[in-house]
Amino acid sequence: MSDDKSGTLDEALERLHTTGPERGGWLSNHAPMAVEALVRHGQAPAVHRWLDAYGPKLEELPAPHTPVTAATWREALGDPARITDWTRFFARELSEHPWREVLATWWPRLLPGIAGGATHPVIRTGHAVRTLLGSPEETAPRRAELAHALGYWAARHQPLPPVAPLAAAPDAAGALDSVPPVPGQEGGIRSRLAQLTALPAWAAGAPDPEAARTRLTELVTAATHRYASHGHGEPIMLVHAATAPNAVLRTLPALPRELWAPSLAAAWAAAAAVTAAYTPREAAPYAATSLTAEEVFARAAAHGDDHTIKFADTALDVADPVALAAAVRAVELNPPVS
22 MSDDKSGTLD EALERLHTTG PERGGWLSNH APMAVEALVR HGQAPAVHRW LDAYGPKLEE
82 LPAPHTPVTA ATWREALGDP ARITDWTRFF ARELSEHPWR EVLATWWPRL LPGIAGGATH
142 PVIRTGHAVR TLLGSPEETA PRRAELAHAL GYWAARHQPL PPVAPLAAAP DAAGALDSVP
202 PVPGQEGGIR SRLAQLTALP AWAAGAPDPE AARTRLTELV TAATHRYASH GHGEPIMLVH
262 AATAPNAVLR TLPALPRELW APSLAAAWAA AAAVTAAYTP REAAPYAATS LTAEEVFARA
322 AAHGDDHTIK FADTALDVAD PVALAAAVRA VELNPPVS
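If you use the numbering used here, the sequence shown corresponds to residues 22 to 359, in order.
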């Protein structure tokens, strides 16, 4: 992570923790994820200015209802009205236990609902874990951010419908290409995901942990590359086909190795589901870029769109020419923040 000697990230997270994870009904608050990416890639001086522009969109934390407890959590799982109850529950858990222990306990409970909230909760969790893994000091704002991320995921937890396994392609790129589109390519993501009936069984089986990590890395690369030629199908939503599995990949080092294979399976389900929900009829040509990784991210930061910033962050993890071209394509396709 870029050396954040100014403490900008912690300042930004503290500023954001008075706001809820959603706005306008169920649109996600992307600010915690975007500011983490901005700081990581050397754009800390732009963070508070970016927040000044983004902040008016945000809403206060929802009112609490009934505390979530170790005895009652199952009945609260997947209830968006309990977002603040869940956030307070995880804040208590993280005050009493090491964060890796809390994550290891709750990751397998939350993983089946990875697609809930259009995958934003798992993406926010991946950013939060990265701040803790990359920090010499586990600061209070970074632990609080993990509580907010996990609370959001628990409240929006929504398993995908059961799907029939289709024949798997030999690699992740081929598997994504063979995902059948849902029949109704209109409406919101929840109505689209409800139409899923079958997906390629690319992540089937139980590979050993290192094989699972290798295949997850391959999936992130393939989904990032695919955006370059298919992102025009839905420029905002299709970034999640790459950023959601990348959030899982970023989290693996903090998890027990026995959770790596099921993490791969869930990440594949999320990436494939988003691909099925927003598949364009045809691929489109895209241009190569001569920009460096640093220049690509600087362009995304100047563009200002939250999804574009987060996608560029994932593209820099892949860091090959097609991934950088895909990030530039996201800048071209998504409307800039004025």
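Glycine included, every Cβ here is placed at the ideal spot set by N, Cα and C.
- In the DSSP assignment, the residues bridged to serine 49 are Glu43.
- Runs of the alpha helix (DSSP H) lying entirely within the segment 117-166 and spanning at least 4 residues, in chain order: 120-131, 141-154.
- With a beta-carbon spacing of about 6 Å, asparagine 355 and isoleucine 257 fall inside the 8 Å limit used to define contacts.
- The criterion of a C-beta distance shorter than 7 Å is satisfied by serine 284 and valine 269.
- Glutamate 81 has Thr40 as its beta-bridge partners, per DSSP.
- For proline 101, the secondary structure class from DSSP, reduced to helix, strand or coil, is helix.
- If the five residues before and after alanine 55 are omitted, its C-beta is found closer than 8 Å to the C-beta atoms of Trp71, Tyr75, Asp327, Ile330, Lys331, all from its own chain and listed in chain order.
- Selection Ala196, Gly137, Leu115 evaluated against leucine 240 yields Ala196 as nearest (Cα-Cα).
- Listed in chain order, the non-local C-beta contacts of alanine 249 below 7 Å within the same chain comprise Tyr307, Val343, Ala346, Ala347, Arg350, local neighbours out to five positions each way being set aside.
- Counting along the chain, the unbroken alpha helix (DSSP H) around alanine 286 starts and ends at 281-298.
- The shortest CA-to-CA distance from alanine 149 to any of Arg121, Pro230, Leu98, Pro182 is the one to Arg121.
- The continuous alpha helix (DSSP H) containing alanine 262 extends over residues 261-272.
- Following the DSSP letters along the chain, one finds proline 186 inside the beta strand (DSSP E) bounded by residues 185-187.
- Note that the C-beta distance between leucine 98 and alanine 175 is below 7 Å.
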